[in-house]
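Q: Here's a structure for you.
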Amino acid sequence: TVLVMIMMKTTLALIPSGMVRHGKFLQERNAVGISIQEQGSSEEEAVSFETAPTKKAGEHDILLRAALGEEVERTPVWLMRQAGRYMAAFREYSDKYPFRMRSETPEIATELSLQCWKAFGVDGVIFFSDILTPLPALGVEFDVIKGKGPQIEDTLTSKERIDKFVHDATNFSPADQLPFISKTLNNLRAETQDKTTLLGFVGAPWTLAAYASEGGASRHALEIKRLMHSEPDLAHQLFGSMADAIATYACHQIESGAQIIQVFESWSHHMSPTDFELFAKPYALRVAVKVRAKHPNVPVLYFANGGSSYIHRQKDLVQSYAYSGLSLDWKADIKQARNILGKDILVQGNVDPAILLADDISSIDFAVKSCIKAAGGPANHILNLGHGVLQQTPEANVAAFVDAAKRFGVRQ
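No gaps in the numbering here: position 211 of the sequence shown is 245 in this note's numbering, and each next residue is one more.
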């Protein structure tokens with residue numbers, strides 16, 4: 035515990051002294067130029083964007099402004115996994131091309147990212163990719179097997195393998211090793227500039243390390259837990275190297291056009307509160323602090339899927355001025371979460387994705403209205419699902435969800 039407290043204090047020391055530390059997370063937005071290196075181009079040919087919109091504040095940047103802690107006119111709305119197989123237009127690609135081809139081909143990834151925004155008018159576009167996408171550049175290859183999901187053969191389960199990972203992570207260069215990321219985000223920023231907010235995302239260090247240790251979806255995550263409790267020093271070395279690489283990757287996304295970064299702790303349901311405190315939280319914090327040190331005007335959000343039992347332990351991720359807000363899973367009572375976190379901490383979520391399977395649209399209206407009310411009323415949080423859109427979801431119900439958000443979320 036003492037070691038973790040020292041690591042957290044060291045990490046927090048990296049926060050820029052000029053960062054606003056009172057009230058809402060950020061009270062000002064300075065336009066910061068972003069240089070985007072296109073594939074095969076020289077620095078002189080780089081495309082330049084601004085993190086702050088060039089148009090007057092309005093519908094087009096309502097999600098960004100909410101994430102920055104600014105007062106907005108209504109509750110912004112987007113959906114986790116909004117680019118997905120529930121859409122017929124998406125299945126035209128997923129039925130034809132394997133996942134990595136879709137996510138690593140900029141033209142396809144761009145199209146898939148934009149579909150939900152064009153169809154339903156959500157307040158943000160999150161680029162089509164996967165939390166595992168950076169792993170091959172870190173020496174951990176994976177493939178997505180139909181019916182099984184991502185599979186990793188060369189797992190991180192021995193000291194020798196982890197030592198090699200640490201070496202590969204030290205030499206990680208997303209611009210050189212993952213050139214399709216900058217191209218996709220460059221395309222998307224050009225499409226969305228002054229129209230909507232562009233989100234990037236990364237997996238949190240613990241989740242990625244766990245996935246790379248287990249080799250795929252796991253019921254109990256026994257390999258990473260064995261490492262944590264039998265060889266804690268080696269586990270901390272793994273998590274630290276993963277955190278530094280993921281921070282670099284997140285910064286690359288921002289420098290390629292992303293305006294918000296969402297960090298997914300997708301496997302929080304495998305952690306006890308103590309394990310979260312000791313092995314996940316310090317490294318999630320390390321990612322955000324490094325990103326904020328380099329890009330202080332870019333919001334970073336944290337989602338611990340299955341972490342409802344330790345919401346109170348997530349509070350200081352935001353109070354530390356590293357994360358801008360917390361996403362809540364659908365099992366959390368958002369009103370109780372508000373009481374725990376306080377009214378000044380931004381929350382996002384958290385309608386049960388299964389609600390969107392309802393035959394009666396009034397059920398969706400009720401869920402949206404109830405969520406907005408419990409979160410503090412209209413324009414006081416970011417509406418989302420408490421997990422990703424389910425494949426069986428009718429497209430009309432996604433449209434109804436977004437429409438309800440815009441009707442019930444208007445500030446009175």
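Each residue gets a CB set at the ideal place from its N, CA and C atoms; glycine is no exception. Predicted model, so just to flag it, every value in this text is computed and none were measured.
Helix, strand or coil, according to DSSP, for SER397 in the structure here?
A: If DSSP states are grouped into helix, strand and coil, SER397 belongs with the helices.
Q: Measure from the alpha carbon of PRO387 to the alpha carbon of each residue in ALA203, TRP112, GLU107 and LEU98, then state which is nearest.
A: Nearest option by C-alpha distance: TRP112.
Q: Give the DSSP-derived three-state secondary structure of SER252 in the structure shown.
A: In this structure, SER252 counts as coil in the three-state DSSP scheme.
Q: Within a Cβ cutoff of 8 Å, which residues of the same chain sit near ALA392, ignoring the five residues on either side of it in sequence?
A: The answer, listed in chain order, is ILE398 and ASN431.
Q: Have a look at THR241 and TRP301 and give me their C-alpha separation to the nearest angstrom.
A: The alpha-carbon atoms of THR241 and TRP301 are separated by roughly 5 Å.
Q: Using the three-state DSSP reduction, which class does VAL352 fall into: helix, strand or coil?
A: Helix, per DSSP.
Q: Within 10 angstroms of its Cβ, does GLY158 collect 16 or more other Cβ (buried), or is it exposed?
A: Buried, by the Cβ-count rule.
Q: If you draw a straight line from the alpha carbon of THR167 to that of PRO184, how long is it in whole angstroms?
A: Computed Cα separation, rounded: 11 Å.
Q: Suppose contacts are defined by Cβ-Cβ distances below 8 Å. Is LEU97 in contact with THR218 by that definition?
A: Not in contact: LEU97 and THR218 (Cβ atoms no closer than 8 Å).
Q: To the nearest angstrom, report how far apart ARG99 and ALA409 are at their CA atoms.
A: The straight-line gap from Cα to Cα measures roughly 18 Å.
Q: Please say whether PHE435 and LEU390 have beta carbons closer to each other than 8 Å?
A: In this structure, PHE435 lies closer than 8 Å to LEU390 by Cβ.
Q: Just how far apart, CA to CA, sit LEU146 and GLU126?
A: In a straight line, the C-alpha of LEU146 is about 10 Å away from that of GLU126.
Q: So ILE142 is in the beta strand (DSSP E); what residue range does that whole segment cover?
A: First-last for ILE142: 140-154, but that is the alpha helix (DSSP H), not the beta strand (DSSP E).
Q: Among the residues of its own chain, which have a CB less than 6 Å from the CB of HIS329, if the five just before and after it don't count?
A: Taken in chain order, the residues that qualify are ILE288.
Q: Rounded to whole angstroms, what is the Cα-Cα separation between ARG347 and GLU311?
A: So the two alpha carbons sit approximately 7 Å from each other.
Q: Should GLY420 and LYS365 be called a contact, given that it needs their Cβ atoms to be closer than 8 Å?
A: Yes, the pair counts as a contact, with Cβ atoms nearer than the cut-off.
Q: Check this for me: beta carbons of ASN452 and SER275, under 8 Å apart or not?
A: The first residue shown for the chain is 35 and the last is 446, placing residue 452 beyond what the model contains.
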